[in-house]
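Undergrad:
Protein chains: 2
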Amino acid sequence: MVNQTIHIDQNQLSSLEHRYRAHLVNSLSGFKSANLIGSVSELGQTNLAIVSSVIHLGADPALVGFISRPHSVARDTLSNIIATSCYTINQVNSDIWQQAHQTSARYETDQCEFDAVGLTPAYHEGVLAPFVAQSRLKYAVKLESVETIALNQTLLVIGSITDILLDDMALKSDGSVDIERLNSVCVSGLDSYHRTERLGRLSYAKPDKPLTLIDDY
Amino acid sequence: MVNQTIHIDQNQLSSLEHRYRAHLVNSLSGFKSANLIGSVSELGQTNLAIVSSVIHLGADPALVGFISRPHSVARDTLSNIIATSCYTINQVNSDIWQQAHQTSARYETDQCEFDAVGLTPAYHEGVLAPFVAQSRLKYAVKLESVETIALNQTLLVIGSITDILLDDMALKSDGSVDIERLNSVCVSGLDSYHRTERLGRLSYAKPDKPLTLIDDY
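These protein sequence lines map, in sequence, to chains A and B. The UniProt record's numbering numbers the first residue of the first sequence as 1 and each following residue consecutively. The UniProt record's numbering numbers the first residue of the second sequence as 1 and each following residue consecutively.
Structure (C-alpha cells):
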C-alpha cells in the first residue's frame, strides 16, 4: 500500500471543526516538553499546572519561557507568578505522567492540585514556590518579563533560572543532562505522552567534516 | 546506592565554563521538537536549517513560532524569511536525523544545505520556499511578526500556517496526528536525538473524575 500525502490549505484549515483543528495544529510543532509549574499565592495557596510549552531562551543569562493564555486553566499559576515573581519548573517523568495530566482539570482556586492529584510539594531554602518532590530535574525561576503576543493575545512568560535541583546520576561530564535516564517524558498533540529511546548524540557540525557519535553512555 | 540531589545556585550557574553551562541549561527545558526550516533568498538561493525551538502558539488562527538569534547559524534563514515572508517547517524523522543535524554547520551563504547534507528540496504550488521531500509532516508558513526579547536580544519569529502536507497514515479521526508513527524524533540538550514510545493518550481532565486512556491505536 502506498501512503498518500494529504494537503490541507488555509481555507480548509480555518473551516475545520474547533476541536479537530486544535488536535491537528497542536500536532504540527512536533514533540513538546512536559513540565509542571509550581507556584503559590500571596495568601499561601499552592498551585500546580502542567505546561507543554516550556522553551529554552538562552544559557547566559539562563532564561526559560512558557506560553500561557490569560484565561486558560493555568490562570491561578499566572496570577501567582505575577504576584510573587517566583515559580518552579519540574520535569514530568514516567512515574507521574498521569498525575501531571490531571493537574489540567479546572480545580477551584482554593483547591490544591498537589493534594487533588497525589503529588508531594517540596520546599528549598530561599525559594517561595513549591517544587514537585517526585520530579528528578527541577529548578526555581524568577519572573523577568511577560510579553503579550499581539496576534492572539497569548503571553510569553520569561524567567531567569535561580536554583537547579538535579538527580546526580544524570549529569554528564560536559554539563549535559541525560534526561532520558531520568525517565522524563514528552508530549505530542494535546494529550499523548511518550517515553524516549536515544538514537545518539552527535558532534558539533562543521562543513566538509563527517559527524561522529558522542559515545558517553 | 542512593541517588544524590545536586543543587546549583545562581552564582554557581553564572560562573560555569561557557560550554558546560550551555549544555546544562539547554537540558533543563525538557525534550524539544526537531524541525528543518526551509527558505529561499530573493535571488533564489535555498537554505535549510535545523531548529529545536519550534513552538505551538495557537490553533485559531494557526500560529507557530521559533526562537532565533540574530547572529546564529540560522542567519541566512532569518534573512530569507524577512525578505520573502515565506518558509516551511518540516518534522525531522529517524531516517534523516543525522543529515538534519549536519545543516547546523556554518556553510557559506551561497552553499545550499540541501546539496551539502543530501536532502531533497520539494516544491508545492503557491509556496515559494522549499519543503524537505523526506519529511512526512511539513507545512508552509507566512511570516506574521518578529518579536525581539529585550532580555537577551533573541527573536521570536511568528508565522501563520498556510499549507499542511501530511502522510495520511498518521491522521486520526479526531484530527490529531500520530507523529510517533511518522518516526518523528525529539531532541534533548544541544545534540542528543531520541525516538519515542507512546505511554498513552489521556482523556480531557476534569476534577473528581478519573482519567481514562484513549485507546485508538
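Built from N, CA and C at the ideal position, the CB exists for glycine as well. All values derive from a computational prediction rather than experimental measurement.
For the beta strand (DSSP E) that T5 (chain B) lies in, which residues bound it at each end?
TA: Here the beta strand (DSSP E) through T5 (chain B) covers 5-9.
Undergrad: Could you tell me the distance, in whole angstroms, from the CA atom of F114 (chain A) to the CA atom of I50 (chain A)?
TA: About 12 Å.
Undergrad: Name the chain A residues that come within less than 9 Å of L151 (chain B), Cβ to Cβ?
TA: In chain order: L57, G58, P61, L63, E144, S145, I158, S160.
Undergrad: Please list the segments of the alpha helix (DSSP H) lying wholly inside the UniProt domain "Flavin reductase like" (37-171) of chain B, counting only runs of 4 or more residues, in order along the chain.
TA: Listed in chain order, the complete alpha helix (DSSP H) runs (minimum 4 residues) inside the UniProt domain "Flavin reductase like" (37-171) of chain B are 75-84, 97-102, 113-117.
Undergrad: Taking the alpha carbon of L143 (chain B) as the point to measure from, which residue in B:L151, B:L63, B:K32, B:Q134 has its own alpha carbon closest?
TA: Considering only alpha carbons, the answer is B:L63.
Undergrad: Taking the alpha carbon of G30 (chain A) as the reference point, which residue from B:Y123, B:N93, B:H18, B:M169 has its own alpha carbon closest?
TA: Minimum Cα distance to G30 (chain A) is reached at B:N93.
Undergrad: Under three-state DSSP, which class holds L24 (chain B)?
TA: L24 (chain B) falls in the helix class under three-state DSSP.
Undergrad: Flag C186 (chain A) as yes if its beta-carbon sits less than 8 Å from any beta-carbon of chain B, otherwise no.
TA: By this cut-off, C186 (chain A) is an interface position.
Undergrad: Would you call the CB atoms of I55 (chain A) and F66 (chain A) closer than 8 Å?
TA: Yes.
Undergrad: In angstroms, rounded to a whole number, what distance separates the CA positions of Y20 (chain A) and A59 (chain B)?
TA: Each residue's Cα considered, the two are about 10 Å apart.
Undergrad: Any beta carbon from chain A within less than 8 Å of D174 (chain B)'s own beta carbon?
TA: At least one chain A Cβ lies under 8 Å of D174 (chain B).
Undergrad: Does DSSP put L199 (chain B) in a helix, a strand or coil?
TA: The answer is strand: DSSP assigns L199 (chain B) an E or B state.
Undergrad: Given a cut-off of 8 Å, decide if I179 (chain A) and S27 (chain B) are closer than it, judged by their beta-carbon atoms.
TA: Yes, the Cβ-Cβ distance between S27 (chain B) and I179 (chain A) is below 8 Å.
Undergrad: DSSP three-state call for S192 (chain B): helix, strand or coil?
TA: Residue state, collapsed to three classes: strand.
Undergrad: Applying a beta-carbon distance threshold of less than 7 Å, which residues of chain A neighbour D167 (chain B)?
TA: Within chain A, the residues near D167 (chain B) are N3, T5.
Undergrad: What separation, rounded to the nearest whole angstrom, lies between the Cα atoms of T154 (chain B) and R201 (chain B)?
TA: Each residue's Cα considered, the two are about 34 Å apart.
Undergrad: Residues of the region 97-115 of chain B with a CB closer than 7 Å to any CB of chain A: list them in chain order, please.
TA: So the close ones are W97, Q98, H101, Q102, S104, A105, R106, Y107.
Undergrad: Give the DSSP-derived three-state secondary structure of L211 (chain B) in the structure shown.
TA: In this structure, L211 (chain B) counts as coil in the three-state DSSP scheme.
Undergrad: Pick helix, strand or coil for S15 (chain B), following the three-state DSSP scheme.
TA: If DSSP states are grouped into helix, strand and coil, S15 (chain B) belongs with the helices.
Undergrad: Excluding the 5 residues flanking N183 (chain A) on each side, which residues of the same chain have their C-beta closer than 8 Å to its C-beta?
TA: Around N183 (chain A): N93, S94, D95, R136, R195.
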